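To start, the structure itself, in structure tokens.
Protein chains: 2
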Amino acid sequence: MTARDLDDRAASRSVRKPTMADVAKYAGVSLKTVSRVVNQEPHVRAPLQERVQAAISALGYRRNEAAARLARGAAMLTLGLVMENISNEFYSRLAAAVESAAAGHEALVVFGSYEESADKERMLIESMYARGVDSLIVVPSAADHAWLAEHASLTAVFVDRVPPGLDSADVVLLDDVWGGRAATEHLLAHGHRRIALISDDGAVSSVRDRAAGYRAALRAAGVAADEAMVVRGVFDPWRVAYEVGRLLDLPDPPTAFFATNNRAAIGILQALRERPERPAYVGFDDFALADVFSPGVTVVRYDVTRLARGAVDLLLNPAPGPRRVRVPVELIARGSGELPPR
Amino acid sequence: MTARDLDDRAASRSVRKPTMADVAKYAGVSLKTVSRVVNQEPHVRAPLQERVQAAISALGYRRNEAAARLARGAAMLTLGLVMENISNEFYSRLAAAVESAAAGHEALVVFGSYEESADKERMLIESMYARGVDSLIVVPSAADHAWLAEHASLTAVFVDRVPPGLDSADVVLLDDVWGGRAATEHLLAHGHRRIALISDDGAVSSVRDRAAGYRAALRAAGVAADEAMVVRGVFDPWRVAYEVGRLLDLPDPPTAFFATNNRAAIGILQALRERPERPAYVGFDDFALADVFSPGVTVVRYDVTRLARGAVDLLLNPAPGPRRVRVPVELIARGSGELPPR
Numbered sequence: 001m002t003a004r005d006l007d008d009r010a011a012s013r014s015v016r017k018p019t020m021a022d023v024a025k026y027a028g029v030s031l032k033t034v035s036r037v038v039n040q041e042p043h044v045r046a047p048l049q050e051r052v053q054a055a056i057s058a059l060g061y062r063r064n065e066a067a068a069r070l071a072r073g074a075a076m077l078t079l080g081l082v083m084e085n086i087s088n089e090f091y092s093r094l095a096a097a098v099e100s101a102a103a104g105h106e107a108l109v110v111f112g113s114y115e116e117s118a119d120k121e122r123m124l125i126e127s128m129y130a131r132g133v134d135s136l137i138v139v140p141s142a143a144d145h146a147w148l149a150e151h152a153s154l155t156a157v158f159v160d161r162v163p164p165g166l167d168s169a170d171v172v173l174l175d176d177v178w179g180g181r182a183a184t185e186h187l188l189a190h191g192h193r194r195i196a197l198i199s200d201d202g203a204v205s206s207v208r209d210r211a212a213g214y215r216a217a218l219r220a221a222g223v224a225a226d227e228a229m230v231v232r233g234v235f236d237p238w239r240v241a242y243e244v245g246r247l248l249d250l251p252d253p254p255t256a257f258f259a260t261n262n263r264a265a266i267g268i269l270q271a272l273r274e275r276p277e278r279p280a281y282v283g284f285d286d287f288a289l290a291d292v293f294s295p296g297v298t299v300v301r302y303d304v305t306r307l308a309r310g311a312v313d314l315l316l317n318p319a320p321g322p323r324r325v326r327v328p329v330e331l332i333a334r335g336s337g338e339l340p341p342r
Numbered sequence: 343m344t345a346r347d348l349d350d351r352a353a354s355r356s357v358r359k360p361t362m363a364d365v366a367k368y369a370g371v372s373l374k375t376v377s378r379v380v381n382q383e384p385h386v387r388a389p390l391q392e393r394v395q396a397a398i399s400a401l402g403y404r405r406n407e408a409a410a411r412l413a414r415g416a417a418m419l420t421l422g423l424v425m426e427n428i429s430n431e432f433y434s435r436l437a438a439a440v441e442s443a444a445a446g447h448e449a450l451v452v453f454g455s456y457e458e459s460a461d462k463e464r465m466l467i468e469s470m471y472a473r474g475v476d477s478l479i480v481v482p483s484a485a486d487h488a489w490l491a492e493h494a495s496l497t498a499v500f501v502d503r504v505p506p507g508l509d510s511a512d513v514v515l516l517d518d519v520w521g522g523r524a525a526t527e528h529l530l531a532h533g534h535r536r537i538a539l540i541s542d543d544g545a546v547s548s549v550r551d552r553a554a555g556y557r558a559a560l561r562a563a564g565v566a567a568d569e570a571m572v573v574r575g576v577f578d579p580w581r582v583a584y585e586v587g588r589l590l591d592l593p594d595p596p597t598a599f600f601a602t603n604n605r606a607a608i609g610i611l612q613a614l615r616e617r618p619e620r621p622a623y624v625g626f627d628d629f630a631l632a633d634v635f636s637p638g639v640t641v642v643r644y645d646v647t648r649l650a651r652g653a654v655d656l657l658l659n660p661a662p663g664p665r666r667v668r669v670p671v672e673l674i675a676r677g678s679g680e681l682p683p684r
């Protein structure tokens, strides 16, 4: 090797990283030998090993860890979780639970939040699919999902709601009708007859089922349903707080509330901060701090890890036919649901 | 066309969807003509148009909307957001804010949560990168991030913490030192001298900076720092509640607490439910319901949308040199930080 060669090498070193081939050439050994030394395989004779190590030092060669890991990253099973609204605690709990369930199968999870927009839901699913994520867990919007059937290689499992237009879909649901009924019966058992219902999107199956449970309990108790006591389509706690105030200002106000989700229960808490009345209320979905208030918030609760594990199990064990898994719910009395009527 | 041909066609229709080519053959026109009719292009003569429409009806042809949309899905700019723990409200708020900031640029966002595991952080980033997500917003773990520099085509911006080992990184930070100092000065101004610090991962720059602000305020007030008043490495509110109880049981207990994150503040709330003492406390990070408790929780708060928008702006406007953006924080007095010493 001439001085000129070395200068050239030094110059080229400054513009690109040395490769294994450079090391082999410099050391005068085969590429296979360099690979063996770099990967610490046995059966390389000591003098050869030393020559390769000297070349590695001289050239400043570094094994391309990044490329090796990147290949592994691409190969890892990645599940997509598509949710309605990540700022709602239900979804952040679900995301953490899916993450944990997937980790048990050495799978990674990427999440997407469509912020109550069915168009964005579809774009998210298609973007994930186009990027090689073909196993999806979806909390579906109320829009038609028939288009999903056209992606033959996509495996999707649905959580919390039945996707409209996809009769063949596997779905993991809560026992919503039972929960709505149990919440309402609990309030009836504590003497309430004017029980208001606060709910969000009535086009979504879980919300509809919780309301159906509420109506069934009233019917069974011989209490006539009063549409003036039913509030639909409120998502934001502040809107809920406004509606609660409005109902309490009626000439014949409710003495109790059934909130069909955590945001509605939080809205009730916010409304009552400003009001003298102490109506009873039961929420659907547990939430952080529900037990720290005084009185504690009585809720219909469930184990979100069962929702997550159910979905991951269905996803990783494909089988024909629509499968439905129902996760049980339970009523946890903490005080707010046991207050008497005025 | 014979009856046999039609039967064959009917049979084949049941096993696969008709294509544009089938429509062209059935109508006896060119594929180009079918394409023009399907895509509602002008300049197709009426009789031809009618023949194509008749063939479309007869065969039950449907345009492959899915394929067209899928191509768009792959083309859409998708940002990756990699976070420490999605079940922490800070991250779900950040995720929603990044989602909203990205929507302003017609970009989609996929999230990943590494659940406090630096290995999983790296796998998530590499999996996203391998799937074509090359614009990343990362809330980094305390591990070395030098490996990221090897992915030349990856653009990453960091949020909330400085990534160790990546001096050239663009970072959007909160004014953590100022916030820690303001919280502590507030408690000092209300007469407290025994002020405990509850914090999580001390290896993370934001936590370190908040603690530095706490120490600076004590020093400026001539109050000697007492290591017995400092709790580090507690993440879970239940662990925090235990530590708060332990400190309150000391012979010379704290009369006030500074919680360096939302989980620590929630842990204090939980601990105080079971205790007779009414120590003052200030939290860092606002959280849902912080204003509904009585007294309300005094916090150091900031606009999470500014963190998100700052990160998206840096990401979409690449420029040389490490850029640091500081988002201001403010102290919101709600009652818990204004309680007097016993």
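As you go down the protein sequences, you meet chains A and B in turn.
Heads up: the first sequence at position 143 corresponds to 143 in this note's numbering, and the numbers run straight through without jumps.
Heads up: the second sequence at position 252 corresponds to 594 in this note's numbering, and the numbers run straight through without jumps.
Where is the CB? At the ideal position from N, CA and C, for every residue including glycine.
Predicted model only: the values in this text are computed from it and were never measured.
- Closest in alpha carbon position to Ala146 of chain A, among A:Asp160, A:Phe158 and A:Asp167, is A:Asp167.
- Annotation: Cβ neighbours of Arg131 of chain A in chain B (cutoff 8 Å, chain order): Ala416, Thr420, Arg473, Gly474 and Val475.
- Contacts with chain A at 8 Å (Cβ-Cβ) do not include Glu616 of chain B.
- Within the DSSP bridge table, the entry for Tyr281 of chain A names A:Phe257 as partners.
- Residue environment for Arg324 of chain A: exposed (fewer than 16 other C-beta atoms within 10 angstroms of its C-beta).
- Contacts between Glu457 of chain B and chain A, judged by CB atoms closer than 7 Å, involve Glu99 in chain order.
- Bounds of the alpha helix (DSSP H) holding Leu656 of chain B are Val646 to Leu658.
- With respect to chain B, the C-beta atom of Gly267 of chain A has no partner C-beta closer than 8 Å.
- In the same chain as Glu619 of chain B, and ignoring 5 residues on each side of it, the C-beta atoms closer than 6 Å to its own belong to Leu590, in chain order.
- Listed along chain B, the residues sitting closer than 8 Å to Val109 of chain A by beta-carbon distance are Gly454 and Ser455.
- Under DSSP, Asp512 of chain B shares a beta bridge with B:Val499.
- If you draw a 10 Å sphere on the C-beta of Glu106 of chain A, you find fewer than 16 other C-beta atoms in it, and that means exposed.
- Against chain A, the CB of Arg648 of chain B has no partner CB under 8 Å away; the residue lies outside that interface.
- Among the residues of the stretch 625 to 651 of chain B, those with a Cβ less than 7 Å away from any Cβ of chain A are Ala630, Leu631 and Val634, in the order of the chain.
- Under the three-state reduction of DSSP, Val299 of chain A is assigned to strand.
- If you ignore the 5 residues before and after Arg550 of chain B, its C-beta comes within less than 7 Å of the C-beta of Gly544, all in its own chain and listed in chain order.
- With 16 or more neighbouring CB atoms inside 10 Å of its own CB, Ala311 of chain A falls in the buried class.
- Taking C-alpha positions only, Arg684 of chain B is separated from Phe90 of chain A by approximately 39 Å.
- In its chain, beyond the 5 residues on either side, Ala97 have a beta carbon closer than 6 Å to the beta carbon of Thr305 of chain A.
- Of the candidates B:Phe577, B:Leu516 and B:Glu458, B:Leu516 places its Cα closest to the Cα of Glu672 of chain B.
- Around the Cβ of Leu373 of chain B, a 10 Å sphere holds fewer than 16 other Cβ atoms; the residue is exposed.
- A contact is defined here as three or more CB-CB pairs under 8 Å, and the stretch 236 to 243 of chain A fails this definition with respect to the stretch 170 to 187 of chain A.
- About 12 Å separates the beta carbon of Phe629 of chain B from that of Val642 of chain B, a gap too long to meet the 8 Å contact definition.
- Scanning chain B for C-beta atoms nearer than 8 Å to the C-beta of Ala96 of chain A yields Asn427, Ile428, Ser429, Ser455 and Glu457, reported in chain order.
- When C-beta atoms of the stretch 18 to 33 of chain A are compared with those of the stretch 49 to 59 of chain A, three or more pairs fall below 8 Å, so the two segments count as touching.
- Boundaries around Met362 of chain B are those of the alpha helix (DSSP H), Met362 to Ala369, since no beta strand (DSSP E) includes it.
- Taken atom to atom, the span from the alpha-carbon of Pro163 of chain A to that of Ala212 of chain A is near 18 Å.
- Note that the C-beta distance between Ala613 of chain B and Leu681 of chain B is not below 8 Å.
- With a threshold of 16 other beta carbon atoms within 10 Å, Asn659 of chain B falls short and is exposed.
- With fewer than 16 other CB atoms across the displayed protein chains lying within 10 angstroms of its CB, Pro664 of chain B is exposed.
- Assignment of beta-bridge partners to Glu672 of chain B by DSSP yields B:Arg643.
- The contact set of Ser153 of chain A on chain B, defined by CB atoms closer than 9 Å, is empty, because the minimum CB distance reaches about 11 Å.
- Note that the C-beta distance between Arg275 of chain A and Gly296 of chain A is not below 8 Å.
- Taken through DSSP and simplified to helix, strand or coil, Ala438 of chain B comes out as helix.
- Think of a sphere of 7 Å around the beta carbon of Ser92 of chain A: the chain B residues whose beta carbon falls inside it are Ile428, Ser429 and Ser434, in chain order.
- Taking 8 Å as the cut-off, the beta carbon of Ile198 of chain A is found no closer than this to the beta carbon of Thr184 of chain A.
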